[in-house]
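S.K.: Quick one: this structure, given as structure tokens, is what I'll be asking you about.
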Amino acid sequence: MTATVAEAVRLVLLTADPRAKVKAARAAARDWRLGRLAHAFPVAMPDRPARGDRPELLPPSRMPKRGRAGSLRARIAMLHALAHIEHGAIDLAADIIGRFGAAFPRAFVDDWMRVLAEEAMHFAIVARRLHALGAAYGDLPAHDGLWEAAEATAGDPLARLAVVPMVLEARGLDVTPAMIDRFAASGDAASARVLRRIFDDEIGHVATGVRWFESCCRAQRFDPPAQWRKLVDTYFRGALKPPFNDSARESAGLTRDFYAALAERDSVFHKAPSPSRDERPALEHQ
1 MTATVAEAVR LVLLTADPRA KVKAARAAAR DWRLGRLAHA FPVAMPDRPA
51 RGDRPELLPP SRMPKRGRAG SLRARIAMLH ALAHIEHGAI DLAADIIGRF
101 GAAFPRAFVD DWMRVLAEEA MHFAIVARRL HALGAAYGDL PAHDGLWEAA
151 EATAGDPLAR LAVVPMVLEA RGLDVTPAMI DRFAASGDAA SARVLRRIFD
201 DEIGHVATGV RWFESCCRAQ RFDPPAQWRK LVDTYFRGAL KPPFNDSARE
251 SAGLTRDFYA ALAERDSVFH KAPSPSRDER PALEHQ
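Here the sequence shown stands for residues 1 to 286, numbered as in UniProt numbering.
Spelled out as structure tokens, the structure:
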């Protein structure tokens, strides 16, 4: 049995099998909630999480198009992409706890352990839906863009909060409602319900990121929107692309004063490559 929160989340990161990773994540969250884990960080997090042989990881430029949910094949491809995102989100939640938790109060671990448990649940319900459609996670290729964002921000907790929950997860708030509509229009109400559950939880995940980002900024006397734009400009390799789900973002505390100026600039300059940015597409829930 692990004795500290860092050891518990490190175990999550070092577990390659997706089902076992879900179990490890749930166990870590449960043990923390029940007071079985010390708020201590005696071990370092791995540079990369363990991965199995499946799915095959490809560069984003080589990923096949997934279609728009009209056919069974397209719906499976979209759900598989979502499963891969949620699988990566388990590792991101574990990593932010183990890598940065020592610099924050216990409430930080409380919040991200809740996110960890929900990401594990999200992966499980998407994997279950794939199984019901005759497929499985690992059947299709995927890309590793989510963990690339983690690597880029491994040395700065404020950058991690700015990029992962406030850019990548916020993008899910933008694109998931249209996915829900596509599944519903195709008669796949069960998949639409899965996406709706994930969407509702992700508002809370973005809100958790915003709350801790703003808390850090206040402690360092930074203006949160200005500091966010600076960090995104430095660490995020992608474009902030409209349309934005402004109402969902605002529900999470991510108001337009954070992202409107960067999005407008990106639309004008079309993200020309620079030393700090390239044309690698942002990871999206689509």
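Where is the CB? At the ideal position from N, CA and C, for every residue including glycine.
Quick test of your reading: V206 and L254, contact by CB under 8 Å. State the CB separation rounded to the nearest angstrom.
M.R.: 6 Å
S.K.: Going straight from the alpha carbon of I203 to that of E118, what length do you get?
M.R.: So the alpha carbons of these two residues sit roughly 12 Å apart.
S.K.: Alpha carbon to alpha carbon, how far is P42 from I97? Give it in angstroms, no decimals.
M.R.: In a straight line, the C-alpha of I97 is about 13 Å away from that of P42.
S.K.: Looking only at its own chain, which residues have a Cβ that is under 7 Å from the Cβ of A136, when we skip the five neighbours before and after it?
M.R.: Only L130 meet the Cβ criterion.
S.K.: Going by DSSP in three states, P255 sits in which element: helix, strand or coil?
M.R.: It should be noted that the sequence gives Thr, not Pro, for residue 255. Coil at T255, not helix or strand.
S.K.: Let me check one thing: in DSSP terms, what residues is T4 bridge-paired to?
M.R.: A38
S.K.: Tell me the DSSP bridge mates of L57?
M.R.: A142
S.K.: In its own chain, which residues sit with a C-beta less than 8 Å from the C-beta of P46, not counting the 5 before and 5 after it?
M.R.: R10, L13 and L14.
S.K.: Among the residues of its own chain, which have a CB less than 7 Å from the CB of L92, if the five just before and after it don't count?
M.R.: L146, A150 and V164
S.K.: Can you check whether the CB of I180 is closer than 7 Å to the CB of L168?
M.R.: Judged by their CB atoms, L168 and I180 are not nearer to each other than the 7 Å cut-off.
S.K.: Given that a residue counts as buried once 16 or more other Cβ atoms are within 10 Å of its Cβ, and exposed if not, what is G138?
M.R.: buried
S.K.: Work out the CA separation of A27 and G238 for me, nearest whole Å.
M.R.: 35 Å
S.K.: Are the beta-carbon atoms of H80 and L140 separated by less than 7 Å?
M.R.: yes
S.K.: Within a Cβ cutoff of 8 Å, which residues of the same chain sit near W212, ignoring the five residues on either side of it in sequence?
M.R.: F104, F108, D111 and L161
S.K.: Measuring CA to CA, which of D53, A263 and A124 is closest to R197?
M.R.: Nearest of D53, A263 and A124 to R197, Cα basis: A124.
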